[in-house]
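In what follows, a single structure is set out as structure tokens and then discussed.
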Amino acid sequence: MPEAVIVAAARTPIGRAHKGSLTSIRPDDLGAQIVRAALDQVPALAPDRLDDLMLGCAQPAGEQGYNLGRMVAVGLGLDGLPGTTVHRYCASSLQTTRMAFHAIRAGEGAAFVSAGVECVSRYGVGKSDGLPDSKNPRYADAQQRARGRTADAVGWDDPRSSGLLPDPYLAMGETAENVAALCGVSRRAQDEWGVRSQNRAEAAALRGFWERDITPVTLPNGTVVSADDGPRRGVTLEKVSTLAPVFRPDGTVTAANCCPLNDGAAALVVVSDELAGELGLPPLARIVASGVSALSPEIMGLGPVEAADAALRRAGMSARDVDLVEINEAFAAQVLPCVDQLKLDADKVNVNGGAIALGHPFGSTGARLTTTLIHGLQESGGQIGLVTMCAAGGQGMALVVERLG
Numbered sequence: 041m042p043e044a045v046i047v048a049a050a051r052t053p054i055g056r057a058h059k060g061s062l063t064s065i066r067p068d069d070l071g072a073q074i075v076r077a078a079l080d081q082v083p084a085l086a087p088d089r090l091d092d093l094m095l096g097c098a099q100p101a102g103e104q105g106y107n108l109g110r111m112v113a114v115g116l117g118l119d120g121l122p123g124t125t126v127h128r129y130c131a132s133s134l135q136t137t138r139m140a141f142h143a144i145r146a147g148e149g150a151a152f153v154s155a156g157v158e159c160v161s162r163y164g165v166g167k168s169d170g171l172p173d174s175k176n177p178r179y180a181d182a183q184q185r186a187r188g189r190t191a192d193a194v195g196w197d198d199p200r201s202s203g204l205l206p207d208p209y210l211a212m213g214e215t216a217e218n219v220a221a222l223c224g225v226s227r228r229a230q231d232e233w234g235v236r237s238q239n240r241a242e243a244a245a246l247r248g249f250w251e252r253d254i255t256p257v258t259l260p261n262g263t264v265v266s267a268d269d270g271p272r273r274g275v276t277l278e279k280v281s282t283l284a285p286v287f288r289p290d291g292t293v294t295a296a297n298c299c300p301l302n303d304g305a306a307a308l309v310v311v312s313d314e315l316a317g318e319l320g321l322p323p324l325a326r327i328v329a330s331g332v333s334a335l336s337p338e339i340m341g342l343g344p345v346e347a348a349d350a351a352l353r354r355a356g357m358s359a360r361d362v363d364l365v366e367i368n369e370a371f372a373a374q375v376l377p378c379v380d381q382l383k384l385d386a387d388k389v390n391v392n393g394g395a396i397a398l399g400h401p402f403g404s405t406g407a408r409l410t411t412t413l414i415h416g417l418q419e420s421g422g423q424i425g426l427v428t429m430c431a432a433g434g435q436g437m438a439l440v441v442e443r444l445g
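My numbering applies: residue 41 is where the sequence shown begins, and numbers increase by one.
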């Protein structure tokens, strides 16, 4: 059975939505630039050897509609390359990597582009803002109940205990407040993790790590963007402890312990080990196993627990075997209990900071985390890495990789 190996990994800088460095570029153009950059890393792989381009996007409407994956392929001049757009909210481009992994293991292709893009800044551009008022009225009771919650409640009240449906439309920040209440995560602990993320990302920048990770982007006016808009410098616990809660007046989630809204893209080239050998492509990492999970949408932040457990079990490993972990920092409130329940060594988790500092361009984050993980393993000399994340709607995903190069 062929193995699936990653032979190229690239990601754009991450811009702040609406006010940052990437607001002027369309998502299809941004996606095309990063896919081209990934393919340029493997010039021996001719475009006609590619079987499919699979692109993750969390809001595939407006400028991100019309099958964005195919738009990227055509925009690159690769008319003969199929393209599809995959939607699993925050885990969309981790799903595309999983699809490439499965296709190769099944013998249904030998070369794939796994990419992701999200331009929150562009949601309101054009005739469709991408955010229609299309919520199913079946969930109105759940939405009303959610708005009436307070953070001083003990634990989390499962709506099904009252015969109600959980709210799949609940704002992610509200779900983070639910997880904080359910798992007893204090405001101070969340703030400490947020400061840690900012400080570690700043330290990584000072030692040049992000130059390894980031591929510069050229904007329509010719300006080149080569660095993330974050992290913030000199963040301290004293400063962030004064911030007001964002989602509930008496809540614990603030702008300092959750991710911002962002623009960005990332791409991987995934091929069979047989094709890599034939073309002389040095593999960066082998995809070992993956996992996906589901739970109540109202506590979606705990999704990584079951997903990562499944991926590690399929890999024949445990948390002790993992050298580095990239867990998406949607909220510190959900990262902390996930790290605890998975029995991860916190010193191996997000060693270069995470989405609280860098940002979370939803559809591209899975591929971004994988790119950063590979580069982190290269820098540290580690071998086994774990990527995991929650996804809106109550899901989790995970991927285990083995560094080869």
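By construction, the Cβ of each residue, glycine as well, lies at the ideal position given by its N, Cα and C atoms.
Please determine, among GLY164, SER174, THR136, the residue with the shortest C-alpha to C-alpha distance to VAL157.
Walking along the sequence shown from the start, residue 157 turns up at place 117. Out of GLY164, SER174, THR136, THR136 has the C-alpha closest to the C-alpha of VAL157.
My output table needs one value for VAL446: the three-state DSSP class, helix, strand or coil.
A question about residue 446 goes unanswered here, because the residues of the chain that appear run from 41 up to 445.
Look up VAL440 in the DSSP assignment and say whether it is helix, strand or coil.
In the sequence shown, residue 440 corresponds to position 400, counting from 1. VAL440: strand per DSSP, three-state reduction.
Within 10 angstroms of the Cβ of VAL126, are there 16 or more other Cβ atoms? Answer buried if so, exposed if not.
Stepping through the sequence shown from its first residue, residue 126 is reached at position 86. The residue is buried, with at least 16 neighbouring Cβ atoms inside 10 Å.
From this set, GLU338, ILE424, GLY343, which residue's C-alpha is nearest MET212's C-alpha?
The sequence position of residue 212 within the sequence shown is 172, counting from 1. The residue with the shortest Cα to Cα distance from MET212 is GLU338.
Which one of GLN81, ALA397, LEU90, GLN99 has the shortest CA to CA distance from GLY403?
Mapped onto the sequence shown, residue 403 falls at position 363. For the residues GLN81, ALA397, LEU90, GLN99, the minimum Cα distance to GLY403 belongs to GLN99.
Quick one: which unbroken beta strand (DSSP E) runs of 3-plus residues sit fully inside the segment 353 to 407? Chain order, please.
Entirely contained in the segment 353 to 407, the beta strand (DSSP E) runs reaching 3 residues are, in chain order, 364 to 367.
Strand pairing of GLN435, partner residues [DSSP]
For the purposes of this step, residue 435 is taken as residue 395 along the sequence shown, with counting starting at 1. Answer by DSSP bridge pairing, in chain order: ALA334, ALA431.
Per DSSP, the bridge partner or partners of CYS159
Start at 1 with the first residue of the sequence shown, and residue 159 comes out as number 119. For CYS159, which the question treats as bridged, DSSP gives the partners ASP303.
What three-state label does DSSP hand ASP269 in the structure shown?
For the purposes of this step, residue 269 is taken as the residue at position 229 of the sequence shown. Reduced to three states, the DSSP call for ASP269 is coil.
In whole angstroms, what separates the C-alpha of ALA395 from that of PRO208?
Indexing the sequence shown from 1 puts residue 395 at position 355. Indexing the sequence shown from 1 puts residue 208 at position 168. Whole-angstrom Cα-Cα distance: 23 angstroms.
Backbone CA spacing between ALA44 and ASP181 [nearest angstrom]:
As a working note, residue 44 is residue 4 in the sequence shown. As a working note, residue 181 is residue 141 in the sequence shown. Going from the Cα of ALA44 to the Cα of ASP181 covers about 46 angstroms.
For VAL165, list the residues DSSP reports as bridge partners.
Translated into positions along the sequence shown, residue 165 becomes position 125. DSSP, once it has assigned bridges, lists no residue as partnering VAL165.
Please go through the same chain and pick out, in chain order, the residues whose beta-carbon is closer than 8 angstroms to the beta-carbon of ALA193, but skip the five residues on each side of it.
For the purposes of this step, residue 193 is identified with residue 153 of the sequence shown, where counting begins at 1. Confidence at ALA193 is low in this model, with a pLDDT of 48, below 50, so its placement is unreliable and no value can be given for it.
Could you have a look at MET94 and say whether DSSP puts it in helix, strand or coil?
If you number the sequence shown from 1, residue 94 lands on position 54. Strand at MET94.
Using a Cβ-Cβ cutoff of less than 6 angstroms, which residues in the same chain neighbour GLY55 once the five nearest sequence positions on both sides are dropped?
The residue labelled residue 55 in the question sits at position 15 within the sequence shown. Excluding sequence positions up to five before and after GLY55, its CB lies within less than 6 angstroms of the CB of SER61, LEU62, ASP269, ASP303, all in the same chain and listed in chain order.
At which residues does the alpha helix (DSSP H) containing GLY213 begin and terminate?
Against the sequence shown, residue 213 aligns to sequence position 173. 212 to 223 is the extent of the alpha helix (DSSP H) around GLY213.
Verify whether the separation of the beta carbon atoms of ALA140 and VAL310 is less than 8 angstroms.
In the sequence shown, the residue the question calls residue 140 occupies position 100. In the sequence shown, the residue the question calls residue 310 occupies position 270. In contact: ALA140 and VAL310 (Cβ atoms closer than 8 angstroms).
Cβ-Cβ distance between ALA267 and PRO53 below 8 angstroms
Mapped onto the sequence shown, residue 267 falls at position 227. Mapped onto the sequence shown, residue 53 falls at position 13. Going by beta carbons, ALA267 and PRO53 fall inside the 8 angstroms limit.
Comparing alpha-carbon positions, which option in GLY434, GLY203, ALA373 lies nearest ARG178?
The sequence position of residue 178 within the sequence shown is 138, counting from 1. Checked all of GLY434, GLY203, ALA373; the closest Cα to ARG178 is GLY203.
Just to confirm my understanding: we take ALA244, look at its own chain, exclude 5 residues before and 5 after, and list those with CB closer than 7 angstroms. What are they?
For this step, residue 244 is matched to residue 204 along the sequence shown. TRP250, ASN392, GLY393, listed in sequence order.
Indicate whether LEU315 and VAL345 have their beta-carbon atoms separated by less than 8 angstroms.
Your numbering for residue 315 matches position 275 in the sequence shown. Your numbering for residue 345 matches position 305 in the sequence shown. Cβ distance not < 8 angstroms, so LEU315 and VAL345 don't count as in contact.
Leaving aside the five residues before and after LEU134 along the sequence, list all residues of the same chain whose C-beta is less than 7 angstroms from its C-beta, in chain order.
Walking along the sequence shown from the start, residue 134 turns up at place 94. If you ignore the 5 residues before and after LEU134, its C-beta comes within less than 7 angstroms of the C-beta of GLY406, VAL427, MET429, MET437, LEU439, all in its own chain and listed in chain order.
Given this structure, state the Cα-to-Cα distance separating PRO67 from ALA241, to the nearest angstrom.
Here residue 67 refers to the residue found at position 27 when the sequence shown is read from its first residue. Here residue 241 refers to the residue found at position 201 when the sequence shown is read from its first residue. CA-to-CA, the gap between PRO67 and ALA241 works out to about 25 angstroms.
Report whether the distance from the Cβ of GLY262 to the nearest heavy atom of the ligand MG is below 7 angstroms.
You won't find the ligand MG in this model; it holds no ligand whatsoever.
Helix, strand or coil for ARG288, going by three-state DSSP, please let me know.
Here residue 288 is taken as the residue at index 248 of the sequence shown, counted from 1. Of the three classes helix, strand and coil, the one that applies to ARG288 here is coil, per DSSP.
Would you kindly report the start and end of the unbroken beta strand (DSSP E) that includes VAL446?
The requested residue 446 does not occur in the structure, where the chain is confined to residues 41 to 445.
If you draw a straight line from the alpha carbon of ALA296 to that of VAL286, how long is it in whole angstroms?
Translated into positions along the sequence shown, residue 296 becomes position 256. Translated into positions along the sequence shown, residue 286 becomes position 246. When rounded, the distance between both Cα atoms is 10 angstroms.
Within 10 angstroms of the Cβ of GLU278, are there 16 or more other Cβ atoms? Answer buried if so, exposed if not.
Taking the first residue of the sequence shown as 1, we reach residue 278 at position 238. Answer is exposed; the Cβ neighbour count stays below 16.
For GLU369, I'd like the list of residues in its chain whose CB is within less than 7 angstroms of its CB, leaving aside the five on either flank, ordered along the chain.
By one-based count along the sequence shown, residue 369 stands at place 329. Excluding positions up to five away in sequence, the list reads SER237, CYS299, VAL375, ASN390, GLY394, ALA395, ILE396.
Does the Cβ-Cβ distance between GLY320 and ASP363 come in under 8 angstroms?
Residue numbering aside, residue 320 sits at position 280 when the sequence shown is read from its first letter. Residue numbering aside, residue 363 sits at position 323 when the sequence shown is read from its first letter. Their beta carbons are not under 8 angstroms apart, which means GLY320 does not touch ASP363 by this criterion.
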